[in-house]
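Chemist: There's a structure below that I have some questions on.
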Amino acid sequence: MTSPAYAEESVAGKTKYLTVGDTYYLRLKHTSLTGKATTSHKKVLKIKKIKRNQWKTTALKAGKSTVTVSFAGKKQKVYFVVKKPKAAPTYLYFFDNYKQVNMAVGDSLDVSRKLYFYAPKAKSTQLKYKSSNKSIVSITKNGTAKALKAGKATITVSYKKKKAKMTITIHELTVTANALPVTISNYNSFDQSLINQCQITNVSFEKTYYDYDNSFSLYMVLTGTKTFATEIASKPCKVGWKLYDQNNVVVKSGLFYTDSVNNGETFTTKQIITAKLSEGQYHLVLEDY
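The sequence shown begins at 1 in full-length UniProt numbering and counts up one residue at a time.
Structure (structure tokens):
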């Protein structure tokens, strides 16, 4: 008794190892008699006659089964051991550029788009997300991280026994300003006479964080009303400003030009203060010019 795959080699009395899903062919040779083949465990190994004295076996599930071929009162046996197929590997890891991440307070990050995940028949919705410090970085079940305050937190993404980790450092820039409203006066540089005056009623700041050098750009928005003017033509109010750090040291200063308005008209003007500012606490003071 041979298998076509093994030429004239006899497999009678031998053990063959298969993986679930494999097929194996048996053939009874050197006899004019017709044989019959049976399997001891039909749930483990299926056998089907394809021609006279030829059979096809199919491995169905892990286990053991014996195929017995009977002819002319004789019996020959082949022993089969069926193994489970090796599970396809599961991959779960963050891309190198996203194992360490910097963010600013208020920023959001879709963590799910920064990792590679593959598992047979698995869906991304089966991933679980966890933050080591929810007061610093919160994260939704869909993988959206939100920076809440300065500090550091580790995001762990898991699927069964696989885990991937991302460390997020949160940076914060805080800027305060004068008590409002404040009146700003502009004086003639020759005789110091008053030529313009405006009342600032609101100051706000717009910040953008740049993780490549861990810095912020800072814009200031002033809202107010021109309350005095010596000229009929509309002109801007000039607002001097100084930016102090937490040690009360001036780190930036400049001149802010409001929109050109007439006496009694209001304005809202946005202007950049600095393109590069380190994280920390600052206080901005508005001054006459």
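For every residue, glycine included, the Cβ atom is placed at its ideal position computed from N, Cα and C.
(1) At a threshold of 6 Å, does K146 count as lining the ligand ZN (C-beta to nearest heavy atom)?
(2) Between the Cα of S40 and those of H30, K84, A72 and T66, spot the shortest distance and give me the residue it belongs to.
(3) Just mark F95 as buried or exposed, buried being the case when its beta carbon has 16 or more other beta carbons within 10 Å.
(4) So for K29, helix, strand or coil by DSSP?
(5) First and last residue of the beta strand (DSSP E) that includes G280?
(6) Could you check where the beta strand (DSSP E) with C198 kicks off and where it finishes?
(7) On the three-state DSSP scale, how would you describe T144?
(8) So, helix, strand or coil for V11, using DSSP?
(9) Hey, could you find the ends of the beta strand (DSSP E) G151 is sitting in?
(10) Quick check on S135: does DSSP put it in helix, strand or coil?
(11) Going by other Cβ atoms of all chains shown within 10 Å of its Cβ, with 16 needed for buried, is P4 buried or exposed?
(12) Nearest by alpha-carbon distance to P89: which of V82, T31, A119 and A150 is it?
(13) Using DSSP's beta-bridge definition, name the partner residues of S215.
(14) If you check the beta carbons only, do S234 and S260 fall under 7 Å apart?
(15) Pairing CB atoms from the region 15-22 with CB atoms from the region 77-86, are three or more of them under 8 Å?
(16) Reducing DSSP to helix, strand and coil, say where S121 ends up.
(17) From this set, M103, K238, P236 and K163, which residue's C-alpha is nearest S138's C-alpha?
(18) If you draw a straight line from the alpha carbon of Y91 to that of G63, how long is it in whole angstroms?
Modeler: On the basis of the coordinates in this document:
(1) Ligands are entirely absent from the displayed structure, and the ligand ZN is therefore not among its contents.
(2) Cα-wise, what sits closest to S40 is T66.
(3) Exposed, by the Cβ-count rule.
(4) Here K29 sits in coil by DSSP.
(5) G280: member of the beta strand (DSSP E) spanning G280 to E287, first to last residue.
(6) Per DSSP, C198 belongs to the beta strand (DSSP E) from L194 to Y210.
(7) In the structure shown, T144 adopts extended strand secondary structure according to DSSP, grouped into three states.
(8) Note: V11 maps to coil in three-state DSSP.
(9) In this chain, the beta strand (DSSP E) harbouring G151 covers G151 to Y159.
(10) S135 sits in coil when the DSSP states are folded into three classes, being neither helix nor strand.
(11) Any answer about P4 is weak, because its pLDDT of 44 lies below 50 and its placement is not dependable; what the coordinates show is given next. In this structure P4 is exposed. Its beta-carbon is surrounded by fewer than 16 other beta-carbon atoms within 10 angstroms.
(12) When only C-alpha atoms are compared, the closest one is A119.
(13) In DSSP, S215 forms a bridge with Y210.
(14) Against a cut-off of 7 Å, the Cβ pair of S260 and S234 comes out as a contact.
(15) By the C-beta criterion, the region 15-22 is judged to be in contact with the region 77-86, since at least 3 inter-stretch pairs fall below 8 Å.
(16) The amino acid at residue 121 is misidentified as Ser; the sequence shows Lys. Here K121 carries a coil assignment [DSSP, helix/strand/coil].
(17) If we check each option's Cα against that of S138, M103 comes out closest.
(18) Here the C-alpha atom of Y91 lies approximately 29 Å from the C-alpha atom of G63.
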